[in-house]
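Encoded as structure tokens, the structure appears first; notes follow it.
Number of protein chains: 2
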Amino acid sequence: MGKMKRQPTHPGIIIKEDYLRPLSITIKDMAVILGVSRKTLSKIINERGSITPDMALRLSRAFDTTADLWMNLQKNYDLWLAEHTSKEWQAVKQISSDLIHSHSNC
Amino acid sequence: MGKMKRQPTHPGIIIKEDYLRPLSITIKDMAVILGVSRKTLSKIINERGSITPDMALRLSRAFDTTADLWMNLQKNYDLWLAEHTSKEWQAVKQISSDLIHSHSNC
DNA sequence: CATATTGTAACCTCTCAGGTTACGCATGTC
DNA sequence: GACATGCGTAACCTGAGAGGTTACAATATG
């Protein structure tokens, strides 16, 4: 499977670099605009929080983007992290065609 | 924004209809293959559980698919649900260009 | 110095994933 | 009828994490 080599950019970085900084909007003000607490937004921007579906919808409204954009950023980040953090899933084996035809044993 | 009209298919339905049923594999056996409890898989298949990143990786191994496929199914489902369940996000207003140039007040 | 912004700790509530165990209900088979 | 299998699910526990409020220290900036 073609996997990502490096860790995907955290959605919070995108918010900070591509929106807040260019628009000269503070985290405090942005939190008000989004209708969330300053803590919630701060956590995301400092890569300690996740984009929830609700937050994705809020961001899509404020920045006139799709909510899907933000969901995808978070999804890619989460998947990469799980892929490189846990190992247990690697023990799962592909279902072989042998298993499919196990009925021939009857 | 082009939104989905209908509720996206829950990932659990895909597992059941496109994999377990065609392959004649029971939930019990599949849970063993995935290395999770019967309850966890049962919940997902009955649309009461979510595909976590870890589960997406397990499914990708067992069914020889990408983990991204399962993550996307869950993402679309979650987003649709949030969009049609909560309403608070609709109160968020787009950042106007007025706001951007508010410095001209100095 | 005074004010604004920010990260973050401490604390609370709620939700949810995931595990184990056990029950009742089907549907088989002998 | 007796027994086993598969299944949904309840009850229970642990741990993680979102999100809120309040408060404090640090770092600008006027």
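For the record, the sequence lines run as chains Y and D.
Taking this note's numbering, the leading residue of the first sequence gets 8, the next gets one more, and so forth.
Taking this note's numbering, the leading residue of the second sequence gets 8, the next gets one more, and so forth.
Ideal Cβ positions, reconstructed from N, Cα and C, are used throughout, including at glycine.
This one's a predicted model, so the numbers in the text were calculated from it and none came from an experiment.
Whether residue i touches residue j by CB criterion (8 angstroms)
i                     : j                     : result
residue 52 of chain D : residue 81 of chain D : no
residue 74 of chain Y : residue 86 of chain D : yes
Residue-level contact to chain Y via CB, residue i, 8 angstroms cutoff
i                      : result
residue 111 of chain D : Its pLDDT being 38, under 50, residue 111 of chain D is placed unreliably in this model, and the value from its coordinates should be taken loosely. False, the Cβ-Cβ gap to chain Y never drops below 8 angstroms.
residue 39 of chain D  : no
residue 52 of chain D  : no
residue 100 of chain D : yes
For residue j and residue i, the rounded distance between their alpha carbons
i                     : j                      : result
residue 3 of chain Y  : residue 88 of chain Y  : In the structure displayed, chain Y extends from 8 to 113; residue 3 of chain Y sits before or after that span and is not available.
residue 67 of chain Y : residue 98 of chain D  : 12 angstroms
residue 25 of chain Y : residue 95 of chain Y  : 36 angstroms
residue 42 of chain Y : residue 102 of chain D : 13 angstroms
residue 38 of chain Y : residue 13 of chain Y  : 30 angstroms
residue 11 of chain Y : residue 17 of chain Y  : 14 angstroms
residue 36 of chain D : residue 21 of chain D  : 17 angstroms
residue 45 of chain D : residue 34 of chain Y  : 44 angstroms
residue 32 of chain Y : residue 60 of chain Y  : 23 angstroms
Delimiting residues of the alpha helix (DSSP H) encompassing residue i
i                     : result
residue 90 of chain Y : 74-92
residue 35 of chain D : 34-41
residue 31 of chain Y : From DSSP, residue 31 of chain Y is part of no alpha helix (DSSP H); its letter is neither H nor E.
residue 62 of chain D : 60-70
residue 51 of chain Y : 45-52
residue 56 of chain D : Residue 56 of chain D -> no alpha helix (DSSP H), and no H or E assigned at all.
residue 20 of chain D : 18-21
Interface flag, residue i vs chain D, CB-CB below 8 angstroms
i                      : result
residue 56 of chain Y  : no
residue 95 of chain Y  : yes
residue 82 of chain Y  : yes
residue 114 of chain Y : The shown model of chain Y, from 8 to 113, leaves out residue 114 of chain Y, and the question about it has no answer.
Selection from the options that minimises the alpha carbon distance to residue i
i                     : options                   : result
residue 19 of chain Y : Y:78, Y:101 and Y:92      : Y:78
residue 70 of chain D : D:46, D:17, D:13 and D:30 : D:30
residue 83 of chain Y : D:90, D:100 and D:64      : D:64
residue 15 of chain Y : Y:50, Y:93, Y:54 and Y:32 : Y:54
residue 40 of chain D : D:93, D:90 and D:62       : D:62
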